[in-house]
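A.B. asks: So the sequence shown is numbered by my numbering: it starts at 144 and just counts up by one. Note that beta-carbon positions come from the ideal geometry of N, C-alpha and C, so glycine has one too. Can you read through this structure? Questions will come right after.
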Amino acid sequence: DALAAFAAPEPEPSTTQEKDDPQVNGQSDSLNLDEALKLMENDRDLLKIVVEESVGELPKLIDQISDALNTRQPQELQRAVHTLKANFRTLCMTEISNQCQEIEDLAKQNRLDAIAEPFDALRTQTLQIIEQLKQYLQQ
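Here is the structure:
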């Protein structure tokens, strides 16, 4: 996966984000494209490509996770959520990446019944992030 090659280390939390900043999502995690840009050595064209790829890939991964959960395929679920986690790390979104890790751990333990609720929250956040990424691309 091309995006996984840019997976970020755990970033320092930002305290300079304004409440009305379009880079802040509806939850407590920030869409910190400044950190992602630093990770990509300030290459704005590369960041745009990564954001475009994420907009295309994130919905597919959510669908794959949902399908794997519905058909009770823990290994498929684990693979898809692992890839989703890498996408969020590339965008320097630590909190939601950690949520992916929790779901991945549950899938590894074959605890599929425990995944539905955290996955619903993850899906909601991911859809919000996709919309914010689309807004970023329109800037």
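#1: In chain order, what residues of the same chain lie with their CB nearer than 8 Å to the CB of lysine 191, ignoring the 5 residues before and after it?
#2: Quick check: the Cα distance between phenylalanine 262 and serine 197, rounded to an integer number of angstroms?
#3: Work out the CA separation of glutamine 244 and threonine 269 for me, nearest whole Å.
#4: Quick one: grab the DSSP three-state call for leucine 234.
#5: What's the gap between the Cα of glutamate 200 and the Cα of histidine 225?
#6: Nearest-angstrom Cα distance between glutamate 274 and glutamate 247?
#7: Report the residue from Glu184, Asn185, Ser240 and Glu195 whose alpha carbon sits nearest the alpha carbon of glutamine 282.
#8: Check whether the Cβ atoms of leucine 220 and alanine 264 sit closer than 8 Å, and answer yes or no.
#9: Given asparagine 253, which residues of its chain have a CB within under 8 Å of its CB, disregarding the five upstream and five downstream residues?
C.D. replies: With the structure as the only source:
#1: By 1-based counting over the sequence shown, the position of residue 191 is 48. Within the same chain, lysine 191 has close Cβ partners Leu280.
#2: Counting from one through the sequence shown, the residue named residue 262 turns up at place 119. Counting from one through the sequence shown, the residue named residue 197 turns up at place 54. Approximately 18 Å between the Cα atoms of the pair.
#3: For the purposes of this step, residue 269 is identified with residue 126 of the sequence shown, where counting begins at 1. For the purposes of this step, residue 244 is identified with residue 101 of the sequence shown, where counting begins at 1. Each residue's alpha carbon lies about 14 Å from the other.
#4: In the sequence shown, the residue the question calls residue 234 occupies position 91. The answer is coil: DSSP assigns leucine 234 none of H, G, I, E or B.
#5: Translated into positions along the sequence shown, residue 200 becomes position 57. Translated into positions along the sequence shown, residue 225 becomes position 82. If you take the alpha carbons of glutamate 200 and histidine 225, they lie about 13 Å apart.
#6: Position 131 of the sequence shown, counting from 1, holds the residue named residue 274. Position 104 of the sequence shown, counting from 1, holds the residue named residue 247. Taking the straight line from one Cα to the other gives about 24 Å.
#7: In the sequence shown, residue 282 corresponds to position 139, counting from 1. It is Glu195.
#8: To locate residue 220, count along the sequence shown from 1; it is residue 77. To locate residue 264, count along the sequence shown from 1; it is residue 121. No, the pair does not count as a contact, with Cβ atoms beyond the cut-off.
#9: Along the sequence shown, read from residue 1 onward, the residue named residue 253 stands at position 110. Within the same chain, asparagine 253 has close Cβ partners Pro217.
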